[in-house]
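Letter by letter, the sequence shown follows residues 3 to 103 of the numbering used here.
No residue lacks a Cβ here, since even glycine has one placed at the ideal position from N, Cα and C.
The structure presented is a predicted model; accordingly, all values stated were derived computationally and were not measured.
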Amino acid sequence: MKKSIEISNDKFLELLYKGWQVIDVRDKYEYENFEKFLPSVNISYPEVLNNVNKRWPNLDTKLIFICNYGNRSSLTARHLHKLGYVNVYVLDTGIAGLFSS
3 MKKSIEISND KFLELLYKGW QVIDVRDKYE YENFEKFLPS VNISYPEVLN
53 NVNKRWPNLD TKLIFICNYG NRSSLTARHL HKLGYVNVYV LDTGIAGLFS
103 S
């Protein structure tokens, strides 16, 4: 059975509390000018894809990717999952869903 990489708001907050790293893959402009979820680190989608092995050499690194609605973060998480990263998730509602709940 294929493991789902999408997590709910509740699961997201649980993993955040446990110390998982949150990566916001929006462009710098979006990150600086729209709602932010802190603590998160802003690394744009293209930058993550171009530097994944340098940035996270350990395939067990615990990462959660977020963006506005979950589209770019889902693409990012799926890409890393295909590369062998085993602890990679995406907030299924995106930041918009997190703030609206």
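Terminal residues of the continuous alpha helix (DSSP H) containing residue i?
i: D12; result: 11 to 19
i: V27; result: Segment: none, V27 is in no alpha helix (DSSP H) and carries neither H nor E.
i: Y47; result: 47 to 57
Enumerate in chain order the residues of its own chain whose CB-to-CB distance from residue i is below 6 Å, with the five nearest sequence positions on each side excluded.
i: F14; result: L93
i: Q1; result: Since the first residue shown for the chain is 3 and the last is 103, residue 1 is missing from the structure and cannot be characterised.
Might you give, ordered along the chain, the residues of its own chain that have their beta carbon closer than 8 Å to the beta carbon of residue i, omitting 5 neighbours on each side?
i: E16; result: none
i: N70; result: R28, E32, F36, G96, I97, A98
i: M3; result: At M3 the pLDDT is 41, less than 50, meaning the model places this residue with poor confidence; the figure from the coordinates comes in the next sentence. Nothing listed; no residue qualifies.
Compute the beta-carbon to beta-carbon distance between residue i and residue j, rounded to the nearest angstrom, for a pair I have assumed lies under 8 Å.
i: Y47; j: R74; result: 5 Å
i: G99; j: N11; result: 7 Å
i: I25; j: L65; result: 6 Å
Tell me which residues share the same chain as residue i and place their Cβ nearer than 7 Å to its Cβ, disregarding the 5 neighbours each side in the sequence.
i: H83; result: I7, V90
i: R80; result: I7
i: V54; result: L82, L85
i: E37; result: I97, F101
i: G72; result: V92, L93, D94, T95, G96
i: P59; result: none
i: V88; result: L61, D62
Within the 8 Å Cβ cut-off, does residue i reach chain C?
i: F101; result: Absent here is chain C; the protein component of the structure consists of one chain.
What residues match up with residue i in a beta bridge as DSSP calls it?
i: E8; result: V92
i: N35; result: BP columns for N35 are empty, so no partner.
Starting from the N-terminal side, write out each stretch of the alpha helix (DSSP H) that is 4 residues or longer and does not extend beyond the region 66 to 102. Here the runs fully enclosed are 73 to 84, 96 to 102.
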